[in-house]
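**Q**
In our numbering, the protein residues as written are -19 to 181.
(1) Using the DSSP secondary-structure output, state which residues sit across from residue 138 in a beta bridge.
(2) Indicate the three-state DSSP secondary structure (helix, strand or coil) for residue 84 in the structure shown.
(3) Residue 110 to residue 0, Cα distance in whole Å?
(4) Sorted by chain position, which residues of the same chain lie with C-beta nearer than 7 Å to residue 85's C-beta, five sequence neighbours on each side aside?
(5) Which residues bound the beta strand (DSSP E) around residue 30?
(6) Between residue 13 and residue 118, what straight-line distance do the alpha-carbon atoms span, to the nearest angstrom?
(7) Please work out which residues of its chain come closer than 7 Å, Cβ to Cβ, to residue 3, disregarding the five sequence neighbours upstream and downstream, and give them in chain order.
(8) Measuring CB atoms only, is the region 124 to 141 touching the region 76 to 95, in the sense that at least three cross pairs come out at less than 8 Å?
(9) Report the three-state DSSP secondary structure of residue 156 (helix, strand or coil).
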C-alpha cells in the first residue's frame, strides 16, 4: 500500500508542468508586438517613450521619432550625468529635434521607468505614447505601464530586435535563453508579488 510520501512527487510535477507551459506561452510575446509599418500606425501619437537597457533601443526610437514626427521623445533611465550629446555622439540630431528630446536619469527598474514617465506625461498633458523597448522586455513593460499610467492614456507597443537576444530562436543561445527565463520570472514577480507597488499613489 502506498504511503502519503509516495505521492509527494505529483504536486511537484504539476507545478513544473504549469511553469513550463506558462513560460512557453510567455515566450510567444517576443514576436507579438513588432510593427514594421509603425510610421503609418502611430502618426498621431503625442510622444515616444523609450526604455534604456537593451542594445538598439535608442537608435530605433530615434528613427521612429524621425518617421512619425510626434511632439517629442522621452528617454527613461539613462543613468547619472548622461546628456543628449553622449547618448547620440555619433548620430546626427538637429537642434530643433534636440529641443523635443527629454531624458530622465532617476529610474533603475522598469517600474521606476513607468513612475518617472507618469510624472512626465502628467506635466506635459500627454494623451498617447509609443512605448519602445526590446522584444523580450515588452510584455513586462507593457503590463507595468498599463498598471501605473492614467487609465485614459493610449499606449502603443513598439518592440525592437536587440543584438543581445535572438527573437526567432532564443533557445539556441545560452544568452538568449537566460534572458528569456529572467524576463519570465520578473514578469511573474510583478504579477504575483509586486502588485502592491501599483496601489501606491
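C-beta atoms are modelled at their ideal positions from N, C-alpha and C, and glycine is treated no differently.
Keep in mind that this is a model prediction, so the values were computed, not measured.
**A** Straight from the coordinates:
(1) Residue mapping note: residue 138 aligns to position 158 of the chain shown, counting from 1. Bridge partners of residue 138: 112.
(2) Here residue 84 refers to the residue found at position 104 of the chain shown. The answer is strand: DSSP assigns residue 84 an E or B state.
(3) Position 130 of the chain shown, counted from the first residue, corresponds to residue 110. Position 20 of the chain shown, counted from the first residue, corresponds to residue 0. Each residue's alpha carbon lies about 31 Å from the other.
(4) In the chain shown, counting from the first residue as 1, residue 85 sits at position 105. Cβ neighbours of residue 85 beyond the five flanking positions: 58, 59, 60 and 62.
(5) One-based indexing of the chain shown puts residue 30 at position 50. Per DSSP, residue 30 belongs to the beta strand (DSSP E) from 27 to 31.
(6) Residue numbering aside, residue 13 sits at position 33 when the chain shown is read from its first letter. Residue numbering aside, residue 118 sits at position 138 when the chain shown is read from its first letter. Using only the alpha carbons, I get a separation of about 7 Å.
(7) Taking the first residue of the chain shown as 1, we reach residue 3 at position 23. Excluding positions up to five away in sequence, the list reads 164.
(8) Cβ pair count under 8 Å is three or more, so yes.
(9) Residue mapping note: residue 156 aligns to position 176 of the chain shown, counting from 1. DSSP places residue 156 in helix when its eight states are reduced to three.
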